[in-house]
Structure formats: C-alpha cells, structure tokens
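Quick mapping for you: the protein sequence lines, in order, are chains A and B. Residue numbers in the first sequence follow my numbering, run continuously in steps of one, and reach 358 at the last position. Residue numbers in the second sequence follow my numbering, run continuously in steps of one, and reach 716 at the last position. All C-beta atoms, glycine included, are put in the ideal place defined by N, C-alpha and C. For clarity, every value in this text was computed on a predicted model and none was experimentally measured. Have a look at the structure below before the remarks.
2 protein chains.
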Amino acid sequence: MERAVRELWAESRDLLGLGSPSPDASAVPRADQPPSPLAFLRDHVSPGRPLIVSAAATRHWPASSLWPIASYLTDALRSTAVSLHLTPDGRADALAPHPGRPSSKCFASAHVRRVDFPAAIELIRGSDPAAGLVAYAQQQDDCLRGEYAAVAGDVDAHVPWASEALGCLPEAVNLWIGNAHSVTSFHKDHYDNIYAVVSGEKHFLLLPPTEHHRLYVRDYPAAHYVAEEDAGGKHQQLRLKLEMDEPERIVPWSSVDPCPGSPEEMAAQASAFPLYFDGPAPIRCTVRAGEMLYLPSMWFHHVSQSPGPNGLTIAVNYWYDMQFDIKYAYFNFLRSLEIGDCSSGKPDALEEGDLEEE
Amino acid sequence: MERAVRELWAESRDLLGLGSPSPDASAVPRADQPPSPLAFLRDHVSPGRPLIVSAAATRHWPASSLWPIASYLTDALRSTAVSLHLTPDGRADALAPHPGRPSSKCFASAHVRRVDFPAAIELIRGSDPAAGLVAYAQQQDDCLRGEYAAVAGDVDAHVPWASEALGCLPEAVNLWIGNAHSVTSFHKDHYDNIYAVVSGEKHFLLLPPTEHHRLYVRDYPAAHYVAEEDAGGKHQQLRLKLEMDEPERIVPWSSVDPCPGSPEEMAAQASAFPLYFDGPAPIRCTVRAGEMLYLPSMWFHHVSQSPGPNGLTIAVNYWYDMQFDIKYAYFNFLRSLEIGDCSSGKPDALEEGDLEEE
C-alpha cells in the first residue's frame, strides 16, 4: 500500500507539472497577466494546479499604493476596534506542548482581543517571541468586509476572472496583517483560495491533497491562550498562558513542523514523521507584494512571511466555495486508507481546525 | 479495503448528483440548450459529470434532415469504399469463447473489409445474428473526415462550446452506422467524448471511473474474425471464423457482460462478478436522434442501439484529448489496489483495446 501511495504522489506531481524543479526555482506556474476565466478554470481549477499571477493583477487597486504607507491605514481605521490574535510565539492554530502533560501536544488557538487599530499595528510591529508576545491581525471571518469595511473599497470586491470561472462570488474576504514572527502551520481549507499580497512577502510550502498521509493528521485536544494579567490596560504587558478547552474539544491537525527550531527538534520530527521528511520536498513559492496566488482547495499549505519596508506583511485573501466532486471523493477514499500509523482513518469533515487559517 | 472502495462508489455518485434516481428516470443531467463553454467546463468536464443536450444542439446540421432519408447517404457516397466491421453476432471488440479452448475467453475483433458504401448499407440493414453476419460501420480512425469526407460538411466540424471549453479541436471525428444487433461492450476511452445521434437511439450503461473494480478488467488474448469463404464476392455468404492473433497479443478488457443472453449465463456472470451485479445499478441513459451526450473521459460505457425509421442507427462522435491530471493519478492509484480477485494491478496504459470503441 505504501508503495502504491508513493506512486500516486509521484504521478500526481508529474501530471500537474510540479515534479522536480531545479532547487532554486519554484515549480508553481506564473502568469504575467490575469488569466481568462476559461483558461483559469481549465488549466488550474479543474486539474487542481496552483498559479501565481504577477503584480499586474492588483496594479489598479488603490491598496497597492496606499496600504504600504505607514500612516494611511492607521488614519483610515483610527477609531476602529479590530480582532487581534495574540500568542507568545507567533504560532496561532498550531501544536504546542500540552500545559498539563508537556510531553504530549495540544492544538493551541490565539488569545483574541478587540484592540483599536492604531494600537494593534503598534503591537504587530513590536511583535517578538523573545518578549513573549506576537500579534497577528488574522480574523478570517470575512473581516475585510466586516471590521475593516472602511478600507475594503481599496481592493476589488472580488477577483473577476475567478468569480466568473467559479460561477460565484467569494464566501469570505479576509485581511491579514502581521510581521516576520507569525507562522501558519500546515493545514488545508475547503475553499478555492486567491491570496493577494499587498505589502511584504508570503512564503508558502505546498503539498497536493494526494500527499495527505505525509502530514500525519492526528487528533489533538484543543487549547487557547488566556491573558494572565493586563495591568493598566497596557497590552504590551500581557502574559499569555495556555489553557485546555472546557469541555474537551478534539481537533484533527497535522503533526508535522517543517521548520523545527533546533537540530534536536529536527531529529525528533524526522524520526517521527518519515513520510514527510523522507518524501519529495514540498513545493515552495514566494508571493511578492502585488502578486496573487491561486491555491486550489484541499492543498496543504504552511505559510511564513517577510515584512515590507513598513515593517508589515499585509495580504487579502478571497475564499470561494469549492466544488465537492469526484476529486473530493477520491481524497476521502485516500485518507481512509492506513499507511503505517499515519492515517486518521476518518472521513473528511468540515472540522473547525480545517477552516481557521490562511 | 472493499468497504472503503464501496464508500468511494457511493460518495462519488452522490457528489456528482448521480445517486439513486427513480427507477424510470435517468440520473444524467439534461440541458435544453447547449451550455456556455464556461458552464460546461465547470459543471461537467471539471467534476467529471455526463450531460445530455437536447436536439437544439444539432437542429442546424444539414445531417439532421438529410441523413435519415434512405437514399441521401447512398447517393452521396455511391462510389466510396468504406471500412465495414463484420462479426457473426454484433459483438466486435468483445469477449468471445477462445477458439482453441472454448471454456476460456478471448478478446475478439471484427473482420474489417472495404466495401462500397451502398453495399455496406445493405449489409448493415440485413444484419442478423441468426444469419451469422452483423455489419457495423465503426472505423474510429477519424473516419468522418477520412472515408466519409464527402458528407462531413453535413455536420459541424467540431462542437463549438466543447472546443472552446477544452481549448482544442477534436482529435478524431467518427461516423457510426449500425442496426439493433450491434452492441459495444463495457470499456473506457482516454478522451472526452461528445456523442451525437443523428438517426435512431443509443442506449448507454455508464459507470464512473471510481467503479473500476466492478468491471473485472482482466488480460485476454486477442483474436480476430477472418472470412472463411467469399464465393462470387457476395458478402452475404461470408462465414466468419475466429483466429487467435499471431504473435500473441494481450488486451486488458472488462469481463462483465451486463446483458447476458440466457438465465444460465446471467447466473454464471452474477456468481463470477459480484461487485458488478450486487453493486449499485449502472447509470442508464438513452440518447435520441438530434441529442448529444457528453461522456467524460475514463467513464466506463456499454452501448446498444435502436434504429430509426430508416432501419439504421447513425451517430457522429467527437473525441477531444483528455486532460491527464490529478483525477487520472487518483484513478491509477485506485486501480492498483486489489479487491478480492478483481484488480489487474497494473498502471493504466493507453492500451489499444481502450481506444477502439465508441
């Protein structure tokens, strides 16, 4: 079985034209101009093949010139309270040591706090794991059209070629503002995703859905950060502590950390998750300011980021409802099969954890 | 494993909207008008979902009014020699008793003979297994633009909405002329297929590619019919005899006959191929004169036919190159898995047998 699954990995990358790029080149196709709806549907959505569109895609957005200016957003959103996601280390919605049993892991969500936008930006800019506080504006509940409505008109309300191809408007449009310390762990979304970077760069590690078993998706008990003290309302003095959810809640999540912080952790990861570390390298791509990434539904992705000259990484993503079709049935079949000890063995469900990240 | 595969069958039919139709209705979606290229690609090609388009699709074809007239085609092709496929029983490219070992089966191809078109039509109309001779014009080598070029202008050179959606012109356009006695056994094609009926009706049994194992695709030695005598050049007096190919040639083909000729054969089939006979019923549809069927690539199909008032079933099909993508990789993975004794266990290959039929 493992041999058949490894052949599936190789064949699907090969057929998608994503096999064996040169080490310094990304295998993700790039387009100089936005594709026609028909070409996008035929060459990317239908086969499930990512695409990066050059900055031509967003050159007409007021956001492209306005948002990188430090004062523009803080002026426009001066009196707006936004949901800020706080963690000690920049790893929201990621595995962390279980507070009661440090030798095991839990799924840790951020402490979410409503903060006036100018203060949020200050916290994001000053984020530093060494100080025990990393802030990331990543509310993911259609927040650009909600909390950030005052600046939503600075970008297109939808991506015309994607909307026409997919036959619908986006289900959600989200704004993301962070700095280099926020990292998003491996996960997948049940959406077709158009991800536009406005400031800085986003670095993606991608695995096609056929490589499900390499992620070692397992059940973890959910936890969340709480603020221990908040003397004088100074957010900077927050101390975050992880508490288990009550009542217990289980989240299936990838066990793999592709970028462990030390050689010891790397050795532990490589030994625990050989299908990931011994298998084909993840597909890497960097999406630069102005560019758009089409990330097909059900693709696993891990995201890190570099800030622009304004100290921030700013991005907008459009989530479109995916088509649940024969590809999805095949995926569910694949994940129901066990390889060694790495199958969750359960049918795919719209788990909260699947949807909570970029 | 069998349980997981059965769940795949159910989920893929369900997601395609092809589950459990009422017994007297086909589950295949129908459209009153040809779809737009975008809707066709999104709702049918990408998910792999068949479609029947009403006679509006071909109303403008001169063929729609001309070809059903008995004398039109024989006049237009009076001096044209065409390739006629001859079998004793109407089952070309199908399993037959092995001539040397009647308890086992071989894959039998027709005796192909060049015949003047008017004589071919006479032979087709007079086809009768009781007389030991069934003729079917089904050359499948782009024959409408080859042997039948004189009448090719009576139909569209391609299907505009399909060509635009798929981004290419048809690789082959074929003409099919037979009567009720010609049957096409279960098989699949590595093409997206648009099948237009001009006279009579075609009756399809369909299974999605996810149901591969139900077809019991096994290796059979190839054979072909040869003419034993041809006294005085009267084709009607031909006696056909099956001879094994030399050197031996192996063709992987479905073992299942969904419409066995006797209760005894039915009992033997049901006992030998339980995944087919105990599983979900094949999806049935009838394509009437003027209508078009979109049959997605890799779908298994079995075809029988009823003649129009002219005594003939006439059809044209357009084969478009399929996209080899993640669906294809999943299919190859699925077929590499064994369930009981029904897997061929080999990677999918462009076997001659896969390509030879409607």
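Just the chain B side, please: which residues come within less than 7 Å of residue i by C-beta, in chain order?
i: Y328 (chain A); result: L373
i: V45 (chain A); result: S404
i: G167 (chain A); result: R400
Which residue marks the beginning of the alpha helix (DSSP H) containing residue i, and which one marks its end?
i: R335 (chain A); result: 326-335
i: S412 (chain B); result: Looking at the DSSP string, S412 (chain B) is not in any alpha helix (DSSP H), and its letter there is neither H nor E.
i: Y634 (chain B); result: 632-635
i: E365 (chain A); result: Missing from the structure shown is residue 365 (chain A); chain A here goes from 1 to 358 and no further.
i: P420 (chain B); result: 420-424
i: A131 (chain A); result: From DSSP, A131 (chain A) is part of no alpha helix (DSSP H); its letter is neither H nor E.
i: A508 (chain B); result: 507-510
So residue i and residue j are in contact, right, with Cβ under 8 Å, and what is the actual spacing, rounded?
i: R30 (chain A); j: S46 (chain A); result: Going by Cβ atoms, the distance from R30 (chain A) to S46 (chain A) rounds to 19 Å, so no, they are not a contact pair.
i: Y425 (chain A); j: L242 (chain A); result: In the structure as shown, chain A starts at 1 and stops at 358, and residue 425 (chain A) therefore has no counterpart that could be examined.
i: G200 (chain A); j: S127 (chain A); result: Wrong, their Cβ atoms sit about 13 Å apart, outside the cutoff.
i: L166 (chain A); j: Y328 (chain A); result: The pair is not a contact, with the Cβ atoms about 15 Å apart (cut-off 8 Å).
i: C143 (chain A); j: L175 (chain A); result: 6 Å
i: A70 (chain A); j: Q33 (chain A); result: Between Q33 (chain A) and A70 (chain A) the Cβ distance is about 31 Å, and since that is not below 8 Å, they are no contact.
i: M680 (chain B); j: H548 (chain B); result: 6 Å
i: H212 (chain A); j: L334 (chain A); result: 6 Å
What residues from chain B crowd round residue i, counting only those whose CB sits closer than 8 Å?
i: W126 (chain A); result: Here residue 126 (chain A) is Gly; the residue named in the question, Trp, does not match the sequence. Simply none; closest approach about 43 Å.
Residue range of the beta strand (DSSP E) that residue i falls in?
i: R284 (chain A); result: 283-288
i: W319 (chain A); result: 313-321
i: S71 (chain A); result: No beta strand (DSSP E) contains S71 (chain A), which is instead part of the alpha helix (DSSP H) from 70-76.
i: R400 (chain B); result: Taken as a continuous stretch (DSSP letters only), R400 (chain B) belongs to no beta strand (DSSP E), as it is neither H nor E.
i: R471 (chain B); result: 469-474
i: V584 (chain B); result: 575-585
Within its chain, find whatever has a CB closer than 6 Å to the CB of residue i; leave out the 5 residues flanking it on each side and keep chain order.
i: E715 (chain B); result: Unreliable placement is indicated for E715 (chain B), whose pLDDT of 41 sits below 50; no coordinate value is reported for it.
i: Y72 (chain A); result: L66
i: R364 (chain B); result: none
i: F475 (chain B); result: L435, T438, V440
i: G711 (chain B); result: With a pLDDT of 40 at G711 (chain B), under the threshold of 50, the modelled position of that residue is not reliable, and the figure given next carries that caveat. Excluding positions up to five away in sequence, the list reads V609, W611.
i: S300 (chain A); result: The sequence as given places Phe at residue 300 (chain A); Ser does not occur at that position. Around F300 (chain A): F186, K188, L207, L215.
i: L366 (chain B); result: T568
i: H302 (chain A); result: F186, L205, P258
i: R576 (chain B); result: S613
i: F465 (chain B); result: Y578, A580, V609, W611
Once you ignore the five residues that flank residue i on each side, which residues in its own chain have a CB closer than 8 Å to its CB?
i: E623 (chain B); result: D615
i: S467 (chain B); result: A450, D451, A580, A581, H582, Y583, E714
i: G375 (chain B); result: A385, P387, R407
i: I479 (chain B); result: L431, T432, I535, L670
i: P640 (chain B); result: L563, L564, L565, P616, H660
i: A268 (chain A); result: P260
Give me the chain A residues within the contact set of residue i, using Cβ-Cβ distance strictly less than 7 Å, ordered along the chain.
i: E369 (chain B); result: A329, N332
So which residues of chain A does residue i contact, with C-beta pairs closer than 8 Å?
i: L366 (chain B); result: A329, Y330, N332, F333
i: F682 (chain B); result: L15
At a CB-CB cut-off below 9 Å, which residues of chain A make contact with residue i?
i: L695 (chain B); result: M1, A4, L337
i: T568 (chain B); result: I326, A329, Y330, F333
Kindly list the residues whose CB is nearer than 7 Å to the CB of residue i, restricted to its own chain and excluding five residues on each side of it in sequence; keep chain order.
i: S64 (chain A); result: T58, V198, G290
i: H181 (chain A); result: G90, S127, D128, P129, V134
i: R361 (chain B); result: none
i: W61 (chain A); result: D154, V155, D156
i: V531 (chain B); result: D500, L502, R503, V674, Y676
i: L392 (chain A); result: Beyond the ends of chain A as shown, which are 1 and 358, falls residue 392 (chain A); an answer cannot be given.
i: S304 (chain A); result: V183, H203
i: N310 (chain A); result: P68, A70, S199
Which bits of chain C does residue i rub up against, with CB to CB less than 9 Å?
i: E522 (chain B); result: Among the chains of the structure shown, chain C does not appear; the protein chains present are A and B.
Handout entry: Cβ pair count under 8 Å reaching 3, the segment 503-510 of chain B against the segment 424-436 of chain B
Key = yes
Practice task
Could you say if the segment 389-400 of chain B and the segment 519-536 of chain B meet the contact criterion of at least three C-beta pairs nearer than 8 Å?
Solution key: yes
Practice task
Answer yes if the segment 269-278 of chain A comes into contact with the segment 237-250 of chain A, meaning at least three C-beta pairs across the two stretches below 8 Å, and no otherwise.
Solution key: no
Problem - the segment 646-654 of chain B in contact with the segment 492-501 of chain B per 3-pair CB rule at 8 Å - result: no
Handout entry: Three CB pairs or more closer than 8 Å across the segment 110-126 of chain A and the segment 94-102 of chain A
Key = no
Practice task
For the segment 603-613 of chain B and the segment 369-377 of chain B, state whether three or more C-beta atom pairs, one from each stretch, are separated by less than 8 Å.
Solution key: no
Exercise for the section: Mind the definition here: the segment 196-216 of chain A touches the segment 309-321 of chain A only if three or more C-beta pairs lie below 8 Å; say whether that holds. Expected result: yes
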